[in-house]
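**Student:** Next up is a structure, given as structure tokens.
2 protein chains.
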Amino acid sequence: MSVTTTEPLGTELTAHEVLASAGAMVEPALRVSVDSLGEPLRRMAGYHLGWWDATGMPVPGESGKALRAALAFSAAAACGGNRDDAVPAAAAVELLHNFSLVHDDVMDADPLRCGRRTTWNVWGINNAILLGDALQAQAVKMLSTRLPGHLIAEAITRLQTATLELCRGQYADCAFENQARVGIDDYLSMVAAKVGSLMACAGALGALCAGAHPRTVSAMEIYGRELGSAFKFVDDVIGIYGDPAFSDQCVGNDLRNRKKTLPVIAALESGTDAGVELADLFESIEPLAPEQVARAAALVEQAGGLELTLRHVRERLAAATAVLPVDADTRDLEQLARLVTVRDN
Amino acid sequence: MSVTTTEPLGTELTAHEVLASAGAMVEPALRVSVDSLGEPLRRMAGYHLGWWDATGMPVPGESGKALRAALAFSAAAACGGNRDDAVPAAAAVELLHNFSLVHDDVMDADPLRCGRRTTWNVWGINNAILLGDALQAQAVKMLSTRLPGHLIAEAITRLQTATLELCRGQYADCAFENQARVGIDDYLSMVAAKVGSLMACAGALGALCAGAHPRTVSAMEIYGRELGSAFKFVDDVIGIYGDPAFSDQCVGNDLRNRKKTLPVIAALESGTDAGVELADLFESIEPLAPEQVARAAALVEQAGGLELTLRHVRERLAAATAVLPVDADTRDLEQLARLVTVRDN
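From first to last, the protein sequence lines stand for chains A and B.
Sequential numbering of the first sequence, starting at 1, is according to my numbering.
Sequential numbering of the second sequence, starting at 1, is according to my numbering.
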């Protein structure tokens with residue numbers, strides 16, 4: 001499906017291919033890291049990553065898509081570096097991303113992720129906590145053992161700063177569940193922390209591995225953060241309006257569960273009649289019936305929630321593009337930005 | 001109380017003072033780290049560390065005891081280094097230790113730690129998971145931002161290796177709960193991983209900060225691991241026979257909860273009549289009544305469980321002492337070894 005805010009340009013690789021290529025490039029390093037975990041953490045990690053089923057039987061298919069790895073590789077390439085040199089950075093951000101997914105699934109009590117049982121749902125909460133802890137450690141170890149010595153301190157400090165931001169963002173996201181009202185600014189800050197932090201880190205580490213100037217590293221950091229926020233806002237739109245045939249996400253689920261995403265918050269805060277009706281719909285505790293979900297989606301649009309969200313997507317993409325160095329080869333980064341708005345999975 | 005396996009020697013500082021001194025030395029670095037967490041993680045961390053109550057009101061009293069920090073400081077001193085140089089290492093191992101305590105309390109569903117409500121019991125499981133995640137990140141950041149550049153890669157790799165061992169040890173410990181039978185060797189491996197790993201890391205990092213030779217770093221690593229195991233075995237003894245007036249631990253609790261500690265496992269595996277009677281007592285699901293707890297304690301001793309455990313304590317202490325370099329000033333390290341057997345808290 002496609003949520004188009006700018007016209008997609010003709011490209012050599014599809015968005016799908018860009019992510020799959022990054023996934024294939026980073027996978028060998030991830031496999032070594034996962035293999036070194038020892039059982040049963042190894043099996044849990046490979047299951048979570050989609051490599052095998054819960055019994056350890058390989059699942060046929062291609063490598064997974066790796067957005068954060070792709071960003072690290074693309075930032076390295078934009079800075080004139082070699083993609084191979086960015087493998088430890090790409091693997092570290094993917095490991096950290098998966099640490100956060102495993103723990104988030106526990107905290108959100110999500111029984112499924114992309115149609116598969118979540119790790120805690122298969123192995124229990126305690127083992128999922130341990131798996132997340134181990135993946136966090138492996139992310140750091142990937143950098144401390146595989147990066148050139150002069151890059152290690154900065155790379156690891158950046159990764160740990162991102163981890164702390166992730167924790168703060170996840171705290172805010174959990175807290176929103178119990179808040180009657182969430183402000184738009186609060187939501188934007190949460191997304192910048194929960195999603196933007198690791199994307200920012202991926203961009204910065206890619207640049208760092210290419211030996212980029214500190215100002216360029218900072219630019220790539222901003223690029224990643226803005227791209228991450230834009231990506232999340234588009235996810236929010238897909239969660240309400242996307243085509244379930246072409247999206248991993250269960251369309252309508254967000255509304256059914258009254259999830260306070262940007263379009264919903266913007267609608268609720270709009271002061272419009274549609275916003276008031278949406279608030280009334282959201283008052284009850286029962287899950288919304290299908291016709292209520294459809295009505296809520298229409299109300300979000302009428303109240304201007306969709307429009308405001310797409311404006312934020314455009315603004316974040318513009319902010320990302322604005323920091324790209326004029327003399328850099330930014331084709332890959334632009335390809336990734338296109339991914340934000342055109343999902344061809 | 002005192003569990004004496006060797007005669008305590010006259011010392012300038014009591015065991016209590018050695019730990020309190022390390023606690024006071026490491027606390028400023030810990031405070032900076034905790035303050036940078038942001039709310040509410042900051043408040044949760046300081047509560048967990050005993051600095052304030054759940055509302056954030058300071059709790060009067062001295063610094064906490066810091067065994068792992070003390071080991072890092074003592075290893076640095078034994079290698080001719082300056083204790084001050086080991087502050088980042090000492091703070092990192094304390095942060096990592098507290099990460100593991102916070103997550104272990106969640107996994108074990110322990111409502112109290114040292115008579116205070118555990119973090120998850122005050123703030124909920126999700127927040128405790130996040131606090132642990134954040135403390136793990138802060139431990140690494142302490143090293144990546146405060147150690148001299150040439151030490152960072154090795155120090156962080158060692159800390160992450162210890163983290164992974166901790167996770168494996170905690171996995172085994174949780175698994176024992178559901179196993180009908182636990183072998184002595186399985187228990188010894190679990191203790192080496194869950195307790196020994198971070199103590200080993202503390203010793204090694206202290207030596208590393210003092211610029212010690214790699215062989216000396218390895219020796220301090222072994223010293224820490226052996227000391228950690230010895231410490232845990234003495235805890236196991238105190239959990240059964242210790243004097244509740246002088247111990248943090250609730251004496252009898254381990255037996256009441258049928259916890260498979262070394263004295264119990266040794267008794268159950270002894271093939272003696274007392275071991276068989278103990279196994280019968282442990283068959284029921286109900287918590288043991290006070291007279292059953294007393295009987296179980298007597299049976300553990302009759303079956304040789306106490307004797308075997310104290311032998312392991314002596315062996316681990318001998319193995320620790322054996323690796324100390326002959327030319328090093330090991331007074332502090334010997335003081336710590338004395339702490340294992342003489343608890344004067």
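Each residue gets a CB set at the ideal place from its N, CA and C atoms; glycine is no exception.
Using only the alpha-carbon positions, how far apart do N121/A and A109/A sit?
**Tutor:** Going from the Cα of N121/A to the Cα of A109/A covers about 9 Å.
**Student:** Quick check on D273/A: buried or exposed, where buried means 16 or more other Cβ atoms within 10 Å of its Cβ?
**Tutor:** D273/A is exposed by the Cβ-count criterion.
**Student:** Three-state secondary structure (DSSP) at R113/B?
**Tutor:** Strand.
**Student:** For A89/B, tell me which candidate among K232/B, G203/B and L339/B has the shortest Cα-Cα distance.
**Tutor:** Among K232/B, G203/B and L339/B, the Cα nearest to that of A89/B belongs to G203/B.
**Student:** Quick one: is D332/A buried, meaning 16 or more other Cβ sit within 10 Å of its Cβ, or exposed?
**Tutor:** Counting Cβ neighbours within 10 Å, D332/A comes out buried, since at least 16 surround it.
**Student:** So is S197/A in contact with chain B if we call contact Cβ pairs under 8 Å?
**Tutor:** No, S197/A lies away from the interface with chain B (no Cβ there is under 8 Å from its Cβ).
**Student:** Give a yes or no on whether 8 Å exceeds the smallest Cβ distance from R168/B to chain A.
**Tutor:** Yes, contact with chain A.
**Student:** Apart from the five residues on each side of it in sequence, which residues of its chain come closer than 8 Å, Cβ to Cβ, to K141/A?
**Tutor:** Answer for K141/A: S33, listed in chain order.
**Student:** When the Cα atoms are used, what is the spatial distance from I265/B to P40/A?
**Tutor:** Taking the straight line from one Cα to the other gives about 24 Å.
**Student:** Going along chain B in order, which residues have a C-beta closer than 7 Å to the C-beta of V106/A?
**Tutor:** What V106/A touches in chain B: I129.
**Student:** What is the DSSP secondary structure of W52/B, reduced to helix, strand or coil?
**Tutor:** W52/B falls in the strand class under three-state DSSP.
**Student:** With respect to the alpha helix (DSSP H) encompassing C79/B, which residues constitute its N-terminal and C-terminal limits?
**Tutor:** Where C79/B is concerned, there is no enclosing alpha helix (DSSP H), given that its DSSP letter is neither H nor E.
**Student:** Taking Cβ-Cβ distances shorter than 7 Å, what residues in chain A pair up with H103/B?
**Tutor:** I129 and D133, listed in chain order.
**Student:** Among H16/A, N127/A and K260/A, which has the Cα closest to the Cα of K65/A?
**Tutor:** The shortest Cα separation from K65/A among H16/A, N127/A and K260/A belongs to H16/A.
**Student:** Within 10 angstroms of the Cβ of I285/A, are there 16 or more other Cβ atoms? Answer buried if so, exposed if not.
**Tutor:** Looking at its Cβ environment, which holds fewer than 16 other Cβ atoms inside 10 Å, I285/A is exposed.
**Student:** Mind checking which residues open and close the alpha helix (DSSP H) that includes G224/A?
**Tutor:** Where G224/A is concerned, the enclosing alpha helix (DSSP H) stretches over P214 to Y241.
**Student:** Specify the secondary structure class of P88/B as computed by DSSP and reduced to three states.
**Tutor:** In the structure shown, P88/B sits in a helix (DSSP, three-state: H, G or I).
**Student:** Could you compute how far the alpha carbon of R181/A sits from the alpha carbon of E94/A?
**Tutor:** Their backbone Cα atoms lie some 33 Å apart in a straight line.
**Student:** Between the Cα of D236/A and those of G50/A, F73/A, L255/A and A139/A, spot the shortest distance and give me the residue it belongs to.
**Tutor:** Comparing Cα positions, the closest option is L255/A.
**Student:** Which word fits E269/A, buried or exposed, when buried means at least 16 other C-beta atoms lie within 10 angstroms of its C-beta?
**Tutor:** Buried: at least 16 other Cβ atoms inside 10 Å.
**Student:** Assign P58/A to one of three DSSP states: helix, strand, or coil.
**Tutor:** Reduced to three states, the DSSP call for P58/A is strand.
**Student:** Which same chain residues, not among the five before or five after T6/B, have their C-beta less than 7 Å away from its C-beta?
**Tutor:** With a pLDDT of only 42 at T6/B, under the threshold of 50, the placement of this residue in the model should not be trusted, and no figure is reported.
**Student:** Grab the span of the alpha helix (DSSP H) containing Q302/A for me, first residue to last.
**Tutor:** Here the alpha helix (DSSP H) through Q302/A covers P290 to Q302.
**Student:** I want to see whether chain E comes within less than 8 Å of G149/A, judged by CB atoms only; does it?
**Tutor:** No chain E appears in the structure shown, which is made up of the protein chains A and B.
**Student:** Does DSSP classify P244/B as helix, strand or coil?
**Tutor:** For P244/B, the predicted model reports a pLDDT of 49, less than 50, meaning its position is unreliable and no value from the coordinates is stated.
**Student:** Where does S270/A sit, in a helix, a strand or coil, going by DSSP?
**Tutor:** Of the three classes helix, strand and coil, the one that applies to S270/A here is coil, per DSSP.
**Student:** Using 8 Å as the threshold, is the C-beta distance between G183/B and F73/B below it?
**Tutor:** The answer is no: Cβ separation not under 8 Å.
**Student:** So is G56/B in contact with chain A if we call contact Cβ pairs under 8 Å?
**Tutor:** No - not a single Cβ of chain A is within 8 Å of the one on G56/B.
**Student:** Is N257/A close to chain B? Criterion is C-beta to C-beta, closer than 8 Å.
**Tutor:** No, because no Cβ of chain B sits closer than 8 Å to the Cβ of N257/A.
**Student:** Less than 8 Å between the C-beta atoms of F99/B and Q136/B, yes or no?
**Tutor:** Yes; because the gap between Cβ atoms is below 8 Å, this pair is in contact.
**Student:** Should V122/A be listed as close to the ligand SAH, given that the test is whether its C-beta is under 7 Å from any heavy atom?
**Tutor:** Ligands in the displayed structure: none, and consequently the ligand SAH is not present.
**Student:** Can you give me the Cβ contacts of L324/B inside the same chain, cut-off strictly under 6 Å, excluding the 5 residues immediately before and after it?
**Tutor:** Excluding positions up to five away in sequence, the list reads T330.
**Student:** Give me the chain B residues within the contact set of C201/A, using Cβ-Cβ distance strictly less than 9 Å, ordered along the chain.
**Tutor:** Here the premise fails: no neighbours, minimum Cβ distance about 12 Å.
**Student:** Can N257/A and P287/A be called in contact, C-beta distance under 8 Å?
**Tutor:** Yes, the pair counts as a contact, with Cβ atoms nearer than the cut-off.
**Student:** Using a Cβ-Cβ cutoff of less than 7 Å, which residues in the same chain neighbour R168/A once the five nearest sequence positions on both sides are dropped?
**Tutor:** Only A193 meet the Cβ criterion.
**Student:** Report all residues from its chain with a CB closer than 8 Å to the CB of T82/B; omit the five preceding and five following residues, and keep chain order.
**Tutor:** Per the sequence presented here, residue 82/B reads as Asn, with Thr not at that position. The residues are A76 and A210.
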